[in-house]
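In what follows, a single structure is set out as structure tokens and then discussed.
Residue numbers (the UniProt record's numbering): 1 to 530.
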């Protein structure tokens with residue numbers, strides 16, 4: 001972490017963890033003992049109690065523990081049974097007793113490991129003891145994740161007549177302010193909207209005067225430098241003696257620094273081995289020319305049923321690509337929903353709900369959907385555009401192969417992505433397999449796909465989407481100019497191009513007419529005689 005960044009977070013006006021306070025009565029620890037191999041103490045940070053658990057050891061750790069062993073109230077135990085939660089997951093086994101004991105907690109675990117229930121259950125336990133005022137403020141980086149967290153809180157707190165409010169952008173400010181003034185039990189929000197509400201209404205900070213818990217879900221993203229100003233405003237309105245709970249699938253230098261600053265003897269539970277993917281996930285690649293991506297995508301989606309795939313998520317890098325693919329697939333007769341930041345909040349929620357309800361089998365999204373979203377039936381993740389950073393790849397493919405189920409991830413690799421793929425393979429510790437497909441079958445639909453792409457592009461022009469893109473770009477440039485910040489430098493395409501010296505690929509085309517889509521620097525081309 002840069003020194004300036006660390007200083008900003010150490011500032012007394014930016015206190016993430018609470019001040020020391022009298023400890024509550026100790027809750028009995030969970031049954032499974034922690035061996036010397038899995039209970040480590042960092043000598044450099046003596047105030048931190050740290051437990052690590054490898055993926056291989058996790059099932060054993062939780063095998064003999066039930067929810068009743070964690071110190072939870074009877075209503076919470078009964079609710080877990082009704083929801084089909086037979087036994088707690090490792091992150092729940094280790095973190096729930098510590099939260100009930102009044103400790104600040106940082107929990108790191110893979111996607112689909114039950115992190116939400118690990119903080120929601122003890123919060124609801126405390127809420128039942130004192131059901132007055134806002135018990136918890138949960139901060140999350142995306143709107144969609146906020147709504148999903150609210151659904152999970154309502155399910156787990158169904159016996160408490162829980163009042164849960166979602167405060168995110170894209171909704172009416174006045175209505176949200178009135179909702180907060182009603183002091184709901186749980187407030188789930190994105191940082192920007194909470195900041196705006198608190199600054200616009202002098203009475204709102206008092207709403208959080210009795211808040212017992214501050215939760216940062218997907219904490220690595222929430223603590224990103226882009227949210228620092230918002231978090232300062234939020235923290236200043238919270239009690240000093242609150243509990244702070246941070247949960248994430250990945251560790252960052254910001255999280256490590258803040259953990260070491262904890263004055264309340266923070267508990268650190270780590271149950272992941274770096275940026276790893278689960279063993280039940282099959283990871284493949286298809287090496288293709290950049291301007292043939294749509295053709296390969298159409299080919300794969302048309303064969304979903306034959307591959308035993310019920311639903312798929314397609315990740316793209318830009319809103320424009322998301323909208324274009326959505327329109328293109330619509331022209332091809334493929335049902336698909338799109339989720340990106342240019343859509344209104346109502347449209348984004350509609351797309352997500354239709355996908356969850358299996359009304360549409362395909363969801364196309366930017367990285368707004370790569371974090372935290374729990375859709376039980378995602379069998380396939382397609383990286384139409386590879387993410388810039390390996391950790392984002394891990395979050396994307398984490399939408400499938402959840403809770404022990406199998407899943408497939410296919411990454412489209414162009415001539416510019418080879419080094420990036422090798423970097424991702426090195427980080428996740430696995431070499432991708434090649435997705436097998438016959439080039440003749442793929443290219444048989446090229447004319448139909450290109451025609452649909454032209455129609456989709458014209459529709460976007462007619463709907464004013466391109467104008468919206470230009471307007472947003474100009475608005476961002478104006479904001480940078482107003483703040484005295486330099487304009488973003490144009491990307492050096494020569495540096496961005498991925499070298500091919502690590503990757504050799506041969507493609508046989510069935511007819512010379514297909515050669516125009518193949519970049520001569522991408523591969524060797526063989527045209528069969530006749």
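Every residue gets a Cβ at the ideal spot worked out from N, C-alpha and C, and that includes glycine.
Every value quoted in this text rests on a predicted model; they were computed, and no experiment measured them.
- Here residue 248 carries a strand assignment [DSSP, helix/strand/coil].
- In terms of Cα proximity to residue 134, the closest of 443, 180, 289 is 180.
- Counting the other CB atoms within 10 Å of its CB gives residue 174 a total below 16, which places it among the exposed residues.
- Around the Cβ of residue 291, a 10 Å sphere holds fewer than 16 other Cβ atoms; the residue is exposed.
- Nearest C-alpha to residue 155 among 84, 192, 207, 350: 84.
- One thing to note: residue 399 has its Cβ within 8 angstroms of the Cβ of residue 381.
- Between residue 304 and residue 365 the beta-carbon gap is near 17 angstroms, outside 8 angstroms, which marks them as no contact.
- Judged by DSSP in its simplified three-state form, residue 312 adopts strand.
- Bounds of the beta strand (DSSP E) holding residue 363 are 362-365.
- Residue 382 is bridged by DSSP to 314, 410.
- With contacts defined as CB atoms closer than 8 angstroms, residue 456 and residue 347 fail to qualify as a contacting pair.
- One thing to note: residue 190 has its Cβ no nearer than 8 angstroms to the Cβ of residue 126.
- For residue 339, DSSP records a beta bridge to 365.
- Counting along the chain, the unbroken alpha helix (DSSP H) around residue 347 starts and ends at 345-356.
- The secondary-structure analysis by DSSP pairs residue 434 across a beta bridge with 285.
- Around the CB of residue 221, 16 or more other CB atoms lie within 10 Å, so the residue is classed as buried.
- Straight across, the Cα-Cα distance linking residue 309 with residue 379 is about 6 angstroms.
- The Cβ atoms of residue 362 and residue 329 lie closer than 8 angstroms to each other.
- Cβ-Cβ distances below 7 angstroms link residue 403 to 112 in the same chain, with the five nearest sequence neighbours on each side left out; the list follows chain order.
- With respect to the 8 angstroms criterion, residue 417 and residue 386 are classified as neighbours on the basis of their beta carbons.
- The beta carbon of residue 316 sits closer than 7 angstroms to those of 322, 325, 364, 366, 384, 385, all from its chain and outside the five residues before and after it, given in chain order.
- Distances from the CA of residue 246 to each of 441, 236, 257 were compared; the closest alpha carbon is that of 257.
- Looking at 73, 423, 327, 210, the one whose alpha-carbon comes closest to that of residue 462 is 327.
- A Cβ-Cβ distance of about 12 angstroms is found for the pair residue 249 and residue 106, leaving them out of contact under the 8 angstroms criterion.
- Remark: C-beta atoms of residue 443 and residue 295 approach each other more closely than 8 angstroms.
- Residue 401 and residue 278 do touch by the CB rule: their CB atoms are close to 5 angstroms apart, below 8 angstroms.
- Looking at 192, 153, 147, the one whose alpha-carbon comes closest to that of residue 169 is 192.
- At the C-beta level, residue 171 and residue 345 come within 8 angstroms of one another.
- A direct Cα-to-Cα measurement between residue 430 and residue 391 gives close to 14 angstroms.
- Counting C-beta atoms within 10 angstroms of its own C-beta, residue 104 has 16 or more neighbours from the protein chains shown and is therefore classed as buried.
- Annotation: residue 452 is outside any beta strand (DSSP E); the continuous alpha helix (DSSP H) that includes it extends over 446-462.
- Look at residue 132 here: in three-state DSSP terms it is coil, with no helix or strand label.
- Taking residue 91 as the centre and dropping the five residues before and after it, the same chain places the C-beta of 107, 109, 113, 114, 115, 118, 269, 271 closer than 7 angstroms to its C-beta, in chain order.
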